[in-house]
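Scroll down for the structure; my scribbles are underneath it.
Protein chains: 2
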Amino acid sequence: MSELEKCMETLIVVFHRYAAGDGDKATLTQKEFKKLMETELSGFLAAQKNPNTVNKMMKDLDQNNDKKLDFEEFVALVVGLTIACEATERLRDNKGLKK
Amino acid sequence: MSELEKCMETLIVVFHRYAAGDGDKATLTQKEFKKLMETELSGFLAAQKNPNTVNKMMKDLDQNNDKKLDFEEFVALVVGLTIACEATERLRDNKGLKK
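In order, the protein sequences belong to chains Y and L.
Residues 1 to 99 (the numbering used here) make up the first sequence, in order.
Residues 100 to 198 (the numbering used here) make up the second sequence, in order.
Here you go:
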């Protein structure tokens with residue numbers, strides 16, 4: 001399996017691991033999402049000043065407003081964070097190269 | 100680093116590795132995209148019947164039509180494929196559980 005394929009598998013496996021907490025592995029409840037964030041994205045959470053970040057993110061991501069996150073809604077978060085990371089990295093690289 | 104953070108890093112590293120081919124590591128040219136697909140998603144490519152799949156995908160993903168793929172355009176592909184994989188997996192699981 002290539003690096004990219006392993007990464008795609010990891011996204012699915014991580015989502016299902018936390019989603020399975022309540023027996024329904026197709027969606028993350030608020031509690032499951034909180035656990036995932038605290039475990040998998042603790043660095044990101046620690047950098048947030050608002051103690052309500054997880055609740056706010058859950059609301060923002062829950063497009064169909066069913067108080068649960070399905071895989072598509074979850075992936076939107078990972079993608080958004082990754083795009084932000086890549087942009088920051090590129091900005092830093094560009095600054096470093098400036099004469 | 101958590102599994103999810105490693106996965107986010109891999110997405111960025113893999114993209115930059117192929118994008119750097121022509122010196123500009125911010126975008127994938129058609130040639131670089133072809134190399135990435137053939138190396139990182141060879142299983143997916145092998146399953147396609149149309150020999151023009153890579154060209155067609157490049158066109159579909161190139162939202163701003165500049166004949167290059169930036170990181171956001173590339174990530175849309177990975178996300179689309181991962182969501183399709185997850186849905187297929189869930190369908191298979193559900194069928195398996197049906198009495």
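Glycine residues also receive a C-beta, built at the ideal position from the N, C-alpha and C atoms.
This structure is a prediction, so every number in the text was calculated from the model and none was measured.
Closer than 9 Å to chain Y by CB, L:LYS198: For L:LYS198, the predicted model reports a pLDDT of 43, less than 50, meaning its position is unreliable and no value from the coordinates is stated.
Secondary structure of Y:LYS99, DSSP reduced to three states: Residue confidence for Y:LYS99 is low, a pLDDT of 43 falling below 50, so the modelled location carries little weight; the figure read from the coordinates is stated next. If DSSP states are grouped into helix, strand and coil, Y:LYS99 belongs with coil.
The stretch 73-88 of chain Y touching the stretch 101-119 of chain L, judged by at least three CB pairs closer than 8 Å: yes
Y:ASP60 versus L:LYS148: straight-line alpha-carbon distance, rounded: 39 Å
Contacts that Y:PHE33 makes with chain L (C-beta to C-beta distance below 7 Å): By Cβ distance, chain L contributes nothing, its closest Cβ being about 13 Å from Y:PHE33, past 7 Å.
DSSP three-state assignment for L:ASP45, whether helix, strand or coil: The requested residue 45 of chain L does not occur in the structure, where chain L is confined to residues 100 to 198.
Buried or exposed by the 16-neighbour rule on C-beta atoms within 10 Å, applied to L:ASP123: exposed
Euclidean distance between Cα positions of L:ALA125 and L:ASN154: 20 Å
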